[in-house]
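Step one of this worksheet: look at the structure below.
In my numbering, the protein residues as written are 345 to 605.
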């Protein structure tokens with residue numbers, strides 16, 4: 345392939361290596377197990393190239409050699425990555441029903457969110473029955489420190505990990521947004537003690553929400569179930585009773601994921 349003007353040769357070579365490494369994995373997956381000679385023939389490259397790729401993949405646990413046979417099969421790291429994907433798919437599948445029921449009971453929009461750095465991503469939603477519906481949040485990324493789901497997800501972190509996760513400065517969105525990490529950390533202590541979190545117009549003026557944690561089979565917080573609605577409808581006086589419903593629904597999802605703590 346001809347090099348385009350301005351193309352970095354080193355970068356092109358790195359991309360080609362990544363592409364070939366992925367092809368090696370696909371070949372082994374297709375054949376079940378394969379040796380260097382077989383893989384080289386499939387790729388149309390020299391055996392030394394395949395040997396180098398295999399060495400890197402083996403060092404990272406993506407392939408493993410069958411003893412005394414000179415052949416390789418997919419390693420545990422592939423299983424681990426697949427398990428992570430399956431866990432999220434399972435989370436979506438196990439959460440939708442609970443979200444639907446909670447939305448019907450509260451009349452407000454419910455979401456399942458997961459942590460992504462210092463932000464959250466909503467992966468499941470059920471629309472409320474209130475007269476004024478909120479926009480869809482599925483796929484939306486929001487700042488963790490200004491959302492009830494984010495506070496729940498951050499509450500599982502130690503102080504040092506929290507500072508690393510959210511950074512030194514918290515962005516302000518309304519007059520109520522927490523902008524100091526110390527203030528956020530103090531509030532997260534209450535979240536852990538109460539078992540739920542709330543926001544009162546911290547991300548958007550006129551928007552309130554409460555959230556409860558969802559645990560995996562190891563007792564780790566993997567998601568948050570939130571109930572959000574207009575401030576005039578979901579006022580602070582309704583935070584606790586709404587949170588109690590969210591906690592029960594979140595516990596149901598946690599049980600489905602194998603948590604019985």
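Ideal placement from N, C-alpha and C gives every residue a C-beta, glycine not left out.
Small disclaimer: the values here were computed from a predicted structure and weren't measured.
- Per the C-alpha coordinates, the member of 401, 544, 551 positioned closest to residue 421 is 401.
- Under the rule that a run must span 4 or more residues, the alpha helix (DSSP H) segments found entirely inside the region 357–431 read 380–387, 391–403.
- Distance from the Cα of residue 455 is smallest, within the candidate group 406, 602, 558, for 558.
- One alpha carbon belongs to residue 521, the other to residue 551, and they sit about 12 Å apart.
- Secondary structure of residue 516 (DSSP, three-state): coil.
- Fully contained in the region 573–600 are the following alpha helix (DSSP H) runs of length 4 or more, in chain order: 583–600.
- Taken in chain order, the whole beta strand (DSSP E) runs of length 3 or more contained in the region 512–570 are 541–544, 551–559.
- Secondary structure at residue 466: strand, using DSSP grouped into helix, strand and coil.
- By the neighbour-count criterion, in which 16 or more other beta carbons inside 10 Å mark a residue as buried, residue 472 falls on the buried side.
- Exposed is the label assigned to residue 502, since fewer than 16 other Cβ atoms lie within 10 Å of its Cβ.
- Pairing residue 604 with residue 359, the inter-Cα distance amounts to about 45 Å.
- A distance of 8 Å or more separates the beta carbons of residue 450 and residue 469.
- With respect to the 8 Å criterion, residue 542 and residue 602 are not classified as neighbours on the basis of their beta carbons.
- The way I'd put it, the region 580–598 does touch the region 526–543; three or more beta-carbon pairs between them come closer than 8 Å.
- For residue 496, the secondary structure class from DSSP, reduced to helix, strand or coil, is helix.
- For residue 501, there is no enclosing alpha helix (DSSP H), as DSSP marks it with neither H nor E.
- Per the C-alpha coordinates, the member of 528, 546, 504 positioned closest to residue 519 is 546.
- DSSP, reduced to helix, strand and coil, places residue 473 outside both helices and strands of the structure shown, so it counts as coil.
- The C-beta of residue 392 has fewer than 16 other C-beta atoms within 10 Å across all chains shown, which makes the residue exposed.
- Boundaries of the beta strand (DSSP E) around residue 453: 453–460.
- With fewer than 16 other Cβ atoms inside 10 Å of its own Cβ, residue 523 counts as exposed.
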